[in-house]
Amino acid sequence: MKSNLSIDSLGKAFRSALSKGLIGEEDTAMIFLDLSFLEERIRHLQSLFPSSSLHAIATKANPLLKILKFMLPLGAGAEVASVGELKLALKAGYPPEKIVFDSPVKTMQDLEFALLAGVHINADSLAELDRIALLKEKIHSSGTAGIRINPQVGVGSILESSVAGEYSKFGVPIRTGKEELKSAFLRYEWLTGVHLHVGSQGCSMELLLEGIRVLYEFAEEINTITGTRRINIFDIGGGFPISYDSSIEPPSMEEYAGEIKKRFPSLFTNHYSLFTEFGRWVHVNTGWTVSRVEYVKRDPGINTAMIHVGADLFLRECLNPKAWQHEYTLFDINGIQKQGKDVHPYNLAGPLCFSGDILARDVKLPAAEEGDYLVIHDTGGYTFSMWSRYNSRLMPKVMGYIGKDDQFMILKDRESFEHLMTEWI
Ligand SMILES: Cc1ncc(COP(=O)(O)O)c(C=O)c1O
């Protein structure tokens, strides 16, 4: 399984898009998603875990309706983190049993909607569990339910995306909450699942496995106490890290699945239905973003390339640049890669009106000129799904690409000013 798309393949797709006239003057930035690569990722995942597993792909990474529809016939499920995402998954045609509803703040109405829809709900707290119990007295639901438990195994290298430290706003902490968790499982017969998520990027495979170990032991203990396989849904969450640097080999999903099977064998038998919630691993490497270089500000110290995407598309990168770094390639106006030893440091500045809107600093690039195109690699997830409306800029077009057929399709049109007018009234 390849880790990143090569510059050659991106360049080829970009030149093809240019020659087909798909990049208009008003397309100052565009996002491309390689659909063949996306399919490869999903099929690879399915080949590594038991065939009965539910791979509920994290919708928050890429919520495009056409992408949800593309993944459905491949056998994917959907992890949703809000009622909005839940409605999107239903609209895309996902059957309720393939939807996993996680959210840290579900209202009574949210829970009622999810119960009526019949999806799997992961309660985030014991209080939420009690709300589900109340609703279950009047609503018959075909859906299942689990509880999110914080295994408290520690944080990864990015604090903001680590959620299994001693303290986390998510889930019930295993150490202080264990007795209450046990009594919840004894009280609520319909509670049949456990759920964990250790973090997103920055967490080592060993940390993820340690989180699974803590919940595995808990689940086996409950099943021994109840004398049944009361816990039969085991949701390992997502968080598998990828590489944003093509020279660094990322951890292997194959090894991860192999380790889970070796260390927690029952998860690979019919004792448990295994759920996964990968988002980043499925989506991020499949996408890239192209922005026109509108101006180049030259300075004795550092040059600044003024581009059309910044903190609106790359929120995390601008706010925490040390943790989130991409690779960049410069193409000329005809889509030919600019190369050569004569490289200069550039700051890549976005279009927004605040000083923190710098996508990256001190990036070594060949001489950049107005009209060049900057490619930002590995942007297929957690980019447009985190789009910011600040400064009322229009969200770029998202294009799907199938390399073997040299075929493009619009997944989401460039936003229009007409649409914008409906946003602020
Ligand atoms: C509960 C839950 N599941 C799954 C994911 C997806 O994580 P990743 O995209 O890193 O696989 C997240 C991400 O924040 C999450 O919070």
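Residue numbers (this note's numbering): 32 to 456. Cβ atoms here follow ideal geometry from the backbone N, Cα and C, with glycine treated the same way.
- Per the coordinates, the alpha-carbon of residue 331 lies some 37 angstroms from the alpha-carbon of residue 47.
- The C-beta distance from residue 177 to residue 138 rounds to 19 angstroms, too long to meet the 8 angstroms contact threshold.
- When the beta-carbon positions are compared, residue 202 and residue 181 come within less than 8 angstroms of each other.
- Closest option to residue 190, judged by alpha-carbon separation, among 140, 230, 165 and 34: 230.
- In the three-state scheme derived from DSSP, where H, G and I count as helix and E and B as strand, residue 86 is classed as strand.
- Judged by the Cβ position, residue 129 fails to qualify as a neighbour of ligand 1 at the 7 angstroms threshold, every heavy atom of the ligand being at least this far.
- Distances between the C-beta of residue 159 and the heavy atoms of ligand 1 are all 7 angstroms or more.
- Around the Cβ of residue 51, a 10 Å sphere holds fewer than 16 other Cβ atoms; the residue is exposed.
- Contact check for residue 362 against residue 369 passes: the beta carbons are separated by less than 8 angstroms.
- Of the other Cβ atoms in all chains shown, fewer than 16 fall within 10 Å of the Cβ of residue 210; this residue is therefore exposed.
- Counting along the chain, the unbroken beta strand (DSSP E) around residue 222 starts and ends at 222-226.
- In this chain, the beta strand (DSSP E) harbouring residue 336 covers 334-337.
- The continuous alpha helix (DSSP H) containing residue 39 extends over residues 38-50.
- Residue 404 has its alpha-carbon roughly 12 angstroms from the corresponding atom of residue 396.
- In the three-state scheme derived from DSSP, where H, G and I count as helix and E and B as strand, residue 80 is classed as coil.
- Excluding residues up to 5 positions away in sequence, 114 and 117 lie with their Cβ nearer than 8 angstroms to the Cβ of residue 144 in the same chain.
- Ranked by Cα distance from residue 100, the first of 239, 124 and 276 is 124.
- Residues 148 of the same chain have their beta carbon placed closer than 7 angstroms to that of residue 121, with the five preceding and five following residues left out of the count.
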